[in-house]
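Numbering (our numbering), first residue to last: 683 to 881.
As structure tokens, this is what we get:
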């Protein structure tokens, strides 16, 4: 039974008209843009990537299973589109000095022990796979299992990438293990937190 048939069945059972999944796509645009920006490190490329993702999701909406995680589905499309485009281009334009990221990053309300500029610079030094996983399980709040499904790898691989990424960030930032970090930005705290949710 396809998604359209499932929606009609649900409508018949509930006595109402089911919500079209297309209506939910707009609710995930901001997190999609943040994820795209973490992958591309270029605001224009990120916007193009989100647009491509929305077009693909819209035209393939019958492949979405009602009742499942729409954000995870969209992030999977976005991630796959990014890597497909990168393979096709065979090159990547990096924001090595962090200039683009610096212009678009939201600063914390007040200065903490760890400056956001230092964090951004350290984060940019991580391999793509570690950065991607830390964004998914930290900043975006996905479980290890969801992140593994989106990345097309084992849960253990995601956990390993996250742990290695956090360890490398701590080294780059000169933060001792288990040292309390005086940060005000919740997304930054989430990225380096050790206990993303499971299941």
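Beta carbons are placed, not taken as given, at the ideal position from N, Cα and C, and that holds for glycine. Computed from a predicted structure; not experimentally measured.
Closest by CA to residue 822, which one among 730, 749, 757 and 727? Counting from 1 along the chain shown, the entry for residue 822 is found at position 140. Of the listed residues, the one whose Cα sits closest to residue 822 is 757.
Counting only the same chain and skipping the five closest in sequence on each side, list residues whose C-beta sits under 8 Å from that of residue 715. Against the chain shown, residue 715 aligns to sequence position 33. For residue 715, where only same-chain residues beyond five positions count, the Cβ hits under 8 Å are 728, 729 and 732.
Which of the three DSSP states, helix, strand or coil, is assigned to residue 812? The residue you call residue 812 lines up with position 130 of the chain shown. Helix.
Taking three-plus beta-carbon pairs below 8 Å as touching, is the stretch 802 to 819 in contact with the stretch 731 to 745? no
Quick one: Cα of residue 854 to Cα of residue 741, how far? Here residue 854 is taken as the residue at index 172 of the chain shown, counted from 1. Here residue 741 is taken as the residue at index 59 of the chain shown, counted from 1. Between residue 854 and residue 741, the C-alpha separation is close to 43 Å.
Out of 701, 755 and 750, point me to the one whose CA is closest to residue 713's CA. Here residue 713 is taken as the residue at index 31 of the chain shown, counted from 1. When each option's Cα is compared against that of residue 713, the closest is 755.
Per-residue DSSP class, three states only, for residue 713: Locating residue 713 in the chain shown gives position 31, counting from the first residue. Of the three classes helix, strand and coil, the one that applies to residue 713 here is helix, per DSSP.
Sequence-distant residues of the same chain with beta carbon closer than 7 Å to residue 736, five excluded per side: Looking up residue 736 in the chain shown gives position 54. So the qualifying residues of the chain are 707.
Span of the alpha helix (DSSP H) around residue 708: For the purposes of this step, residue 708 is taken as residue 26 along the chain shown, with counting starting at 1. Boundaries cannot be given for residue 708, as no alpha helix (DSSP H) includes it and DSSP labels it neither H nor E.
Span of the alpha helix (DSSP H) around residue 853: Taking the first residue of the chain shown as 1, we reach residue 853 at position 171. Taken as a continuous stretch (DSSP letters only), the alpha helix (DSSP H) holding residue 853 covers 837 to 855.
Apply the 10 Å Cβ neighbour rule to residue 720 and answer buried if 16 or more other Cβ atoms are within range, or exposed otherwise. Here residue 720 refers to the residue found at position 38 when the chain shown is read from its first residue. So residue 720 counts as buried.
DSSP-derived helix/strand/coil call for residue 723: Here residue 723 is taken as the residue at index 41 of the chain shown, counted from 1. Note: residue 723 maps to coil in three-state DSSP.
Assumed close pair residue 852, residue 839 - CB separation to whole angstroms, cut-off 8 Å: Residue 852 sits at position 170 when you count from the first residue of the chain shown. Residue 839 sits at position 157 when you count from the first residue of the chain shown. About 21 Å separates the CB atoms of residue 852 and residue 839; that is not less than 8 Å, and the two are not in contact.
Where does residue 701 fall in DSSP's three states? Start at 1 with the first residue of the chain shown, and residue 701 comes out as number 19. Of the three classes helix, strand and coil, the one that applies to residue 701 here is coil, per DSSP.
Using DSSP with H/G/I as helix, E/B as strand and the rest coil, what is residue 796? The residue given as residue 796 occupies position 114 in the chain shown. The predicted position of residue 796 is uncertain, since its pLDDT is 48 and thus under 50; a value taken from the coordinates is nonetheless stated next. Coil, per DSSP.
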